[in-house]
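Protein chains in written order, with the UniProt record's numbering: chain A, 1 to 282; chain B, 1 to 310; chain C, 1 to 239.
Notes follow once the structure below has been shown.
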């Protein structure tokens, strides 16, 4: 919520992901108007289509929608976990923002991931290697960015665990033996280890106890304020969105149906679907 | 000349393998030499010994050997082990090449798990028998995945496993097959040679060829190639120290030692490389050893400890 | 000097899709302006559209039609109805503060931190923000033992003081403040009024909703009366 400048950090245009074998009508015949993301002609699944968004440095953007709305797909495409079907994405800290990062070689994508992005998955197993210690998991991110000093790696890992309130004496234990909330904290430590300018959070508090959820959210908020990381927060939970984000995108059936300032989305929603979403919250 | 097995009275091509297959293996070897440290898949044809018993090394040896070669083979430093004897006998029978125990004299040396103590020179080829060519296998089970990791030079997990080993044991403990970075690009397994031998891969005058018959992979380190053991800025690679230990037969140190136990459970140290030991004991000369900083440190320490003695 | 805020023919209608397309006309053709350093009181019965107008200026509500021109330091004259979300975020951070009637706090953030955040967001140092927030809470008479407690458990009056402190501490160019003195005792009411007057002296323009005549008498240079979403009267101070 700090350090907003007039220059975008990430710009996405026409981002589309289709599973199966689409034809030229697949995008036209799916979406909120049809209440479905399955193409009636080809049975291909339009996970998301025509996603346009701009993220500014230090900004927190929420992506909200029901299961299957394509919100997780968007961040996974941007983190290169999935291959996009169409669309472009520019990152202003990479190639002066003139290169479509979705078209880069996988080696270069790996560089972008390791140096400029962090990801926190809903399931800690996706983001952590349980065969390594917590410190090892954090070390992985640091090693990938070219830090080869064990002493400094351990120093940084300790600092990160302190920041995310994981007992430092657990540094050399595998996260497999940790509670869900603690695994999530280790995952966050790993994601921010290289001070990336952009962090993706995919349903990070879903599946945690309410009290643990609150603590993790508090921590994310504090980290965001202190480090000024831009974040894309994916959640089906409007209270998470309200607590963390400046701006919100509402998705349904793989499309953006509405976007705006978070307080505007919550207090003056325009799209019928958003109104339904908000009214079911209150 | 076509060698013959007397026992079966059967005729074979020179060096046992037919020329087309040899050509295939040589082509793969050339590719391996062109991309130092890269594992090249190859046919790994059937041999009259079981896979896993040195077939990879044998494939390479028989594909590159010529009539004028002087052949030497060692198994863990010894010319006289059963495995070495049998393979030497086989290579001799199918090529009629001269065989030798002398490292300096040999032009082609096949080895299992050691690099000779004596420095190898321009024109010499060392062929390794490799049981497991994939250095990443410990951190990734799937071949498709490890190939991808090599392709993208994605070695973070290899590094993490070194980090983890260090954290757990307080030192880098891997004894044999210590992973090395070749030509700044590929991480390679040097086959299970001791750490003692690893520095000798770097910028050597000789050619190193690696054959893994069971896994069907060839790779190579051409002469004058950078081969760097993986190490952290503050946790350095070290070779075995053998501090103050001397060979009970030659009375000297500064070489890789075996511990020989007798039935009473007592042990004594003996230099592992049998040719090197022979030269020390029989000819009373110390052959030219490899020059690397790690070995130099050990030799310096040894000499410093000798001086005060009367 | 042009007015700092110029609302022109502003109309806001809510379309309730969940209620079978029911429409609510909240504001109709509202026009008024606010001069630099002026304090304007918004008066009218409950439901007359005062808060809607304030939230419309803050862009929590989207316009149905009309324009709201604001003289920004950063952007010059800008129509808040048509400004991009990012421009609005920047303006909210640096120039315009909205203080709602009810404290909407983030759970598990202490009173002192809630107040400090207003300053921290504008790039003040941690310690500086911390000290100032304590100073404000002290002046507003919030007992010291509450500074580190969570405001969600506070009484209405205590919450109100935190809310006001948070809005004022950042010294905005334009302050939109909804019922700043409701549920406060006379002494604290005066403290709040003095604080707003001090802000005005620094050049802040204030739009203030209040039902409290004493507050309006002391603060407002002008009053605008709303009824059923229309402006029915604009009055200059009698005294």
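For every residue, glycine included, the Cβ atom is placed at its ideal position computed from N, Cα and C.
The DSSP-derived three-state label of residue 117/A is strand.
Straight through space, the alpha carbons of residue 84/C and residue 259/A are spaced by roughly 11 Å. Segment contact: the stretch 145-152 of chain C against the stretch 170-179 of chain C, fewer than three CB-CB distances shorter than 8 Å; contact not assigned.
What residue 132/A touches in chain B, judged by beta-carbon distance under 7 Å, is 160 and 164, going in chain order. In the structure shown, the three-state DSSP call for residue 12/A is strand. Against chain B, the CB of residue 253/A has no partner CB under 8 Å away; the residue lies outside that interface. For residue 157/A, no chain B residue has a C-beta closer than 9 Å to its own C-beta; the minimum C-beta separation is roughly 10 Å. Approximately 20 Å separates the beta-carbon atoms of residue 133/C and residue 156/C; this is outside 8 Å, ruling out the contact. In the DSSP assignment, residue 124/A falls within the unbroken alpha helix (DSSP H) covering 124-127. At least one CB of chain A lies nearer than 8 Å to the CB of residue 60/C.
Note that the C-beta distance between residue 10/C and residue 27/C is below 8 Å. Annotation: Cβ neighbours of residue 88/C in chain A (cutoff 8 Å, chain order): 261.
Excluding the 5 residues flanking it on each side, residue 226/C has same chain C-beta neighbours closer than 6 Å at 44, 48, 49 and 50, in chain order. Counting along the chain, the unbroken beta strand (DSSP E) around residue 222/C starts and ends at 222-227. Taking the beta carbon of residue 140/A as reference, the chain B residues within 9 Å of it are 156, 157, 159, 160 and 163, listed in sequence order. Annotation: Cβ neighbours of residue 107/A in chain B (cutoff 9 Å, chain order): 151, 152, 153 and 154. Here residue 219/B is bridged, per DSSP, to 210/B. Excluding its 5 nearest sequence neighbours in each direction, residue 202/B has C-beta neighbours in its own chain below 6 Å: 227, listed in chain order.
Across the structure, residue 236/A and residue 218/C are spaced so that their CA atoms are roughly 47 Å apart. At a cut-off of 8 Å, the C-beta of residue 233/B has a neighbouring C-beta in chain A. Proximity of the stretch 244-251 of chain A to the stretch 60-80 of chain A meets the contact definition, three or more beta-carbon pairs being nearer than 8 Å.
In the displayed model, residue 69/C falls within a strand according to three-state DSSP.
Under the DSSP assignment, residue 275/B falls in the alpha helix (DSSP H) whose first and last residues are 274-282.
Judged by beta-carbon spacing, residue 178/A lies beyond the 8 Å limit of residue 232/B, meaning their Cβ atoms are not closer than that value.
Under the 8 Å Cβ criterion, the stretch 242-257 of chain B does not count as touching the stretch 152-162 of chain B, having fewer than three qualifying pairs.
A Cβ of chain A is located within less than 8 Å of the beta carbon of residue 106/C. When rounded, the separation of the alpha-carbon atoms in residue 6/C and residue 58/C is 13 Å. Residues of chain A whose Cβ lies closer than 7 Å to the Cβ of residue 85/C are, in chain order, 247, 260 and 261. Rounded to whole angstroms, the Cβ separation of residue 202/A and residue 122/A is 5 Å, and the two are in contact under 8 Å. Looking at 56/C, 234/C and 207/C, the one whose alpha-carbon comes closest to that of residue 64/C is 56/C.
Within chain C, no C-beta atom comes less than 8 Å from the C-beta of residue 209/A; the nearest is roughly 15 Å away. Here the alpha carbons of residue 220/C and residue 42/C stand approximately 9 Å from one another. Residue contact with chain A for residue 81/C: absent (no Cβ-Cβ distance below 8 Å to any residue of chain A). Assigned with DSSP and collapsed to three states, residue 218/A falls in helix. From the listed residues 93/B, 51/B, 78/B and 250/B, the smallest Cα separation to residue 112/B is found for 78/B. Interface residue (Cβ-Cβ distance to chain A less than 8 Å): residue 17/C is classified as such.
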